[in-house]
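*Asks:* Residue numbers (UniProt numbering): 1 to 321. Each residue gets a CB set at the ideal place from its N, CA and C atoms; glycine is no exception.
Here it is in structure tokens:
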């Protein structure tokens, strides 16, 4: 009996189609209206979003995107597409598609391409190493909403996260070790993860524990002492309390505590993007150096490195392709 044909769907967050205020506004509208991301009263939030936030934020964010935009497009999209192509090359008999929860390529477009190839099993890999309701669950919602409109549903294997997968930890550890060899061992290695409101964790999102699990595993692999590393959260938005300690405030305070050299890695990002390139590599570098720091190096995301594609291949083949 023939095995049902399997397809793979990689899902990342999304990005504007262009570094313009109009494109950023379209993207942020879709992103920030998702109840998984912002769960305030929808009527009040819509008025605030459209009347205050988007008119102010879209032009400012568009300017930041222009500074990091690559020849092929937005960094997040470019690296995600390279990951898709690299994984497809490893699995030539298995269709591999990429979708964004917000923006394009959309989940609908990716599913259309997969179902046109008559796939009956679908392995879904959200490109978020640590589960969060605001990212992984949002990807699940987008997939479920699209499948709700289809008659023929595939069998689905959804990868919740891979925060402690041995190949992921080994790839991070090698990346850090290479940075140490290139720039010397710093006074401090900082693990910076994207933040979420503290309230989400209080209500059951285990994201902080998954981040802590990744950090603990990498620290063990590298043999670091507690004084040699620190873990923080970046990219907070609005006035609500988010997970602490905050990366930007930590950067400003570290030099006064005797930390003069630092290397920073963002293990929660599968691909470099605005939040790693502009916020961490540029903005937080300035915070650290302006307050007395002397040496600052950002360790890039794993992107389409061979180690990273090894991990993706293992994650999907473990689902019995």
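To the nearest angstrom, report how far apart residue 92 and residue 114 are at their CA atoms.
*Replies:* Cα-Cα distance, rounded: 14 Å.
*Asks:* For residue 298, report the span of its beta strand (DSSP E) as first-last.
*Replies:* Per DSSP, residue 298 belongs to the beta strand (DSSP E) from 295 to 299.
*Asks:* Buried or exposed: where does residue 284 fall if 16 or more other Cβ atoms within 10 Å of its Cβ makes it buried?
*Replies:* Residue 284 should be labelled buried.
*Asks:* Cβ atoms of residue 207 and residue 102: under 8 Å apart, would you say?
*Replies:* Going by C-beta atoms, residue 102 is not nearer than 8 Å to residue 207.
*Asks:* Count the other CB atoms, across all protein chains shown, that sit within 10 Å of the CB of residue 258; report buried if there are 16 or more and exposed otherwise.
*Replies:* With fewer than 16 Cβ atoms within 10 Å of its Cβ, residue 258 is classed as exposed.
*Asks:* Classify residue 158 as helix, strand or coil using the three-state DSSP reduction.
*Replies:* Strand, per DSSP.
*Asks:* Kindly indicate which residue of 78, 6 and 83 has the alpha-carbon position closest to the one of residue 310.
*Replies:* For the residues 78, 6 and 83, the minimum Cα distance to residue 310 belongs to 83.
*Asks:* Could you give the C-beta distance for residue 197 and residue 242, rounded to a whole number, given that I count them as a contact under 8 Å?
*Replies:* Rounded, the Cβ-Cβ distance is 5 Å, consistent with contact.
*Asks:* Tell me whether residue 231 is buried or exposed, calling it buried when 16 or more other Cβ atoms sit within 10 Å of its Cβ.
*Replies:* Buried, since its Cβ has 16 or more Cβ neighbours within 10 Å.
*Asks:* Could you give the distance in angstroms between the alpha-carbon of residue 289 and the alpha-carbon of residue 156?
*Replies:* Going from the Cα of residue 289 to the Cα of residue 156 covers about 48 Å.
*Asks:* Quick one: residues in its chain with C-beta nearer than 8 Å to the C-beta of residue 153, no 5 flanking neighbours on either side, listed in chain order?
*Replies:* Contacts found: 147.
*Asks:* How many whole angstroms separate the CB atoms of residue 173 and residue 218, which I take to be in contact at a CB cut-off of 8 Å?
*Replies:* That belief holds up - the Cβ atoms of residue 173 and residue 218 are roughly 6 Å apart, short of 8 Å.
*Asks:* Quick one: measure Cβ to Cβ for residue 129 and residue 65, integer angstroms, because I've assumed they're closer than 8 Å.
*Replies:* Wrong, their Cβ atoms sit about 24 Å apart, outside the cutoff.
*Asks:* Going by beta-carbon coordinates alone, are residue 214 and residue 267 separated by less than 8 Å?
*Replies:* Yes, Cβ-Cβ distance for residue 214 and residue 267 is below 8 Å.
*Asks:* Name the DSSP bridge partner or partners of residue 231?
*Replies:* Residue 231 pairs with 191.
*Asks:* What separation, rounded to the nearest whole angstrom, lies between the Cα atoms of residue 212 and residue 169?
*Replies:* The straight-line gap from Cα to Cα measures roughly 13 Å.
*Asks:* Within the same chain, show all residues whose beta-carbon is closer than 6 Å to that of residue 108, passing over the 5 residues directly before and after it, in chain order.
*Replies:* Contacts found: 146.
*Asks:* With contact counted as at least three CB pairs below 8 Å, one residue from each stretch, are the region 274 to 284 and the region 296 to 304 in contact?
*Replies:* Result yes; three or more Cβ-Cβ pairs closer than 8 Å.
*Asks:* Less than 8 Å separating the beta-carbons of residue 186 and residue 256?
*Replies:* Result no, Cβ atoms of residue 186 and residue 256 do not sit closer than 8 Å.
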